[in-house]
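Chains as they are written, first to last, in my numbering: chain A, 427 to 656; chain B, 427 to 656.
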DNA sequence: CATTCCTTCCGTACGACGTACGGATAACCG
DNA sequence: CGGTTATCCGTACGTCGTACGGAAGGAATG
């Protein structure tokens, strides 16, 4: 520690002027843990264990488990890319951008539920919202109509992604998922006299989710187009 | 107990051939408790206490806390009235019906979050879904377009209601809520250079939620109208 | 009437949870 | 060198979901 020895640098730890933990490290570990264990599986103890830290150390950087969920939410939202939509026609730009949102929500199945139950005020969430607002404003919307259109688009994407996750198992197992959906479909068919239209159209066997996502998105985009004309 | 006495009936308890507990009684108590305490406040112990029962007695009627959340969800959905929309023009019918949905989701603030995180297969949920399917089919939609339109409407209503609840306090306190929204609005304004369009339009001070709900709903309905024409 | 069985009720106990509190350690500042 | 401050975290408390097994009493059977 005091005598200078040749090559000693290679055996010493990095000065470690930074503390071992940080919000960023905690957030990264939280996202990873949420991906594997889901929201109920994220506990302060498990998270701390992943970081080789004592449980209570987390509270130096965060004041509650809720804070961690907020941080993880914004970190996951940050994974939604934002480049390459600015020049596009507004419909193509929004389709592309919201498709990216959905992709991230599939990568992090816990995300839609958290997004819809807390105010999204993190920097990355605000940036993603700004992008949609800006695209629609450039398309010609403004005022309360603009806000309404952003809402319709946002809630559709979140709702669709949440529905998808509803039919997914914790450890993504396509066979088990297909089985569950077949069971639900049979259940619906058995009661088809109570709800014939639903039974005929609720297409639980459908596996082209990309396409049906786009179909619903087109409904909302058509609505926006109508507002632009009206 | 054996000798028949005149008027003894008035002093005896009702035969109580029914057990004290039942799914229905449990479900009703669960809804009431959820309204007061929220999803995290519903515990098996508290619920049992409300019913003057032992905690483990609940498990005779239900196999887990999750089951209770499913039952409570369907029971709350049952509060959405369904009469008096059949003769109406399709836009009026859907506006009225979905307005009722939103009203129930405000009465039970925990409802939208539960609806978007579990498959809705309860009898009342299916009946409400059937109604929307039927109205849109009568309007002229069918096949995947019909399914897509139902999704766009449903997710919009759920998303809007969830957003509203996000800004509400546990014990509905208008003053505290307004204060929270003002704080959030100031926070947005301070960062307005990062997201000018959002800051200008995110109308957190707005208190005519009925109107802005309808504006967004009109976007989706316009989209459906466009699909009917196209 | 006696016996068996089944439904309903629930006390106890276990492991996991969020977090309040206060102590340890060590880097920094004077 | 002494004191201050940032970081780390062990312990403990109250709460949670629920597994297990037993009690109580009516119904079914002899």
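Ideal Cβ positions, reconstructed from N, Cα and C, are used throughout, including at glycine.
Problem set entry | Chain-ordered neighbours of residue 545(B) on chain A, where CB pairs are closer than 8 Å | By 1-based counting over the second chain, the position of residue 545(B) is 119. Taking a Cβ-Cβ threshold of 8 Å, the residues of chain A close to residue 545(B) are 592, 593 and 610, in chain order.
Problem set entry | Short-range partners of chain A found in the segment 461-475 of chain B, where Cβ spacing is below 8 Å | none
For this session: Note down, in chain order, every chain A residue with its Cβ under 9 Å from the Cβ of residue 650(B).
Result: Stepping through the second chain from its first residue, residue 650(B) is reached at position 224. Going along chain A in sequence order, the residues near residue 650(B) (Cβ under 9 Å) are 645, 648 and 649.
For this session: Decide if residue 591(A) is buried, meaning its Cβ has at least 16 other Cβ atoms within 10 Å, or exposed.
Result: Here residue 591(A) is taken as the residue at index 165 of the first chain, counted from 1. Buried, by the Cβ-count rule.
Problem set entry | CB of residue 470(B) within 8 Å of CB of residue 499(B), strictly | The residue you call residue 470(B) lines up with position 44 of the second chain. The residue you call residue 499(B) lines up with position 73 of the second chain. Taking 8 Å as the Cβ cut-off, residue 470(B) and residue 499(B) do not qualify as a contacting pair.
For this session: Determine contact between the segment 613-627 of chain A and the segment 550-558 of chain B, defined as no fewer than three beta-carbon pairs at a distance below 8 Å.
Result: yes
Exercise. By Cβ distance, which residues of its chain are closer than 6 Å to residue 513(A), with the 5 residues on each side in sequence left out?
Worked result: Taking the first chain and counting its residues from 1, one reaches residue 513(A) at position 87. Nothing listed; no residue qualifies.
For this session: Locate the alpha helix (DSSP H) running through residue 636(B), then write down its first and last residues.
Result: As a working note, residue 636(B) is residue 210 in the second chain. From DSSP, the alpha helix (DSSP H) with residue 636(B) extends over 635-655.
Exercise. Who are the near neighbours of residue 442(B) in its chain, counting only those whose CB is closer than 7 Å to its CB and skipping five residues on each side?
Worked result: As a working mapping, residue 442(B) is identified with position 16 in the second chain. Below a pLDDT of 50, predicted positions are generally treated as unreliable, and residue 442(B), at 47, falls in that range; the measurement from the model is reported next regardless. Excluding sequence neighbours, residue 442(B) sits near nothing in its chain.
For this session: Rounded to whole angstroms, what's the CA-CA distance from residue 476(B) to residue 607(A)? Just pull it up for me.
Result: For the purposes of this step, residue 476(B) is taken as the residue at position 50 of the second chain. For the purposes of this step, residue 607(A) is taken as the residue at position 181 of the first chain. One C-alpha to the other measures close to 36 Å.
Exercise. If we cut at 8 Å on Cβ distances, does residue 525(A) have a partner in chain B?
Worked result: Counting from 1 along the first chain, the entry for residue 525(A) is found at position 99. Interface residue (Cβ-Cβ distance to chain B less than 8 Å): residue 525(A) is not classified as such.
Exercise. Can you find a C-beta in chain A that's less than 8 Å from the C-beta of residue 586(B)?
Worked result: Within the second chain, numbered from 1, the residue matching residue 586(B) stands at position 160. With 8 Å as the cut-off, residue 586(B) counts as an interface residue toward chain A.
Exercise. Should residue 587(A) be counted as a contact of the ligand FMN given a C-beta to heavy atom distance under 7 Å?
Worked result: Among the components modelled here there is no ligand, and therefore nothing to report on the ligand FMN.
Problem set entry | Whole-number beta carbon distance between residue 502(B) and residue 530(B), since they are thought to touch under 8 Å | In the second chain, the residue the question calls residue 530(B) occupies position 104. In the second chain, the residue the question calls residue 502(B) occupies position 76. Confirmed, about 6 Å.
Problem set entry | Interface positions of the segment 539-566 of chain B facing chain A (Cβ-Cβ less than 8 Å), listed along the chain | 539, 542, 543, 544, 545, 547, 549, 552, 553, 555, 556, 559, 560 and 563
Problem set entry | Interface flag, residue 638(B) vs chain A, CB-CB below 8 Å | One-based indexing of the second chain puts residue 638(B) at position 212. So, interface residue.
For this session: Please list the residues of the segment 565-584 of chain A that have a C-beta atom closer than 9 Å to any C-beta atom in chain B, keeping them in chain order.
Result: 568, 569, 570, 571, 572, 573, 574, 575, 576, 577, 578, 579, 580, 581, 582, 583 and 584
Exercise. Does residue 409(A) have its Cβ less than 8 Å from a Cβ in chain B?
Worked result: Look at the range of chain A in this structure, 427 to 656, and you will see that residue 409(A) is not part of it.
For this session: Leaving out five residues on either side along the sequence, give the residues of the same chain with a beta carbon under 6 Å from the beta carbon of residue 663(A).
Result: Absent from the model: residue 663(A). The displayed extent of chain A is 427 to 656, so no value can be given.
Exercise. Should residue 642(B) be flagged as near chain A, meaning a C-beta pair shorter than 8 Å?
Worked result: On the second chain, position 216 is the one that residue 642(B) refers to. At least one chain A Cβ lies under 8 Å of residue 642(B).
Problem set entry | Interfacial residues, the segment 612-626 of chain B to chain A, with Cβ spacing under 9 Å | 613, 614, 617, 620, 621, 622, 623, 624, 625 and 626
Problem set entry | Chain-ordered chain B contacts of residue 629(A) [CB-CB under 7 Å] | In the first chain, the residue the question calls residue 629(A) occupies position 203. In chain order: 573.
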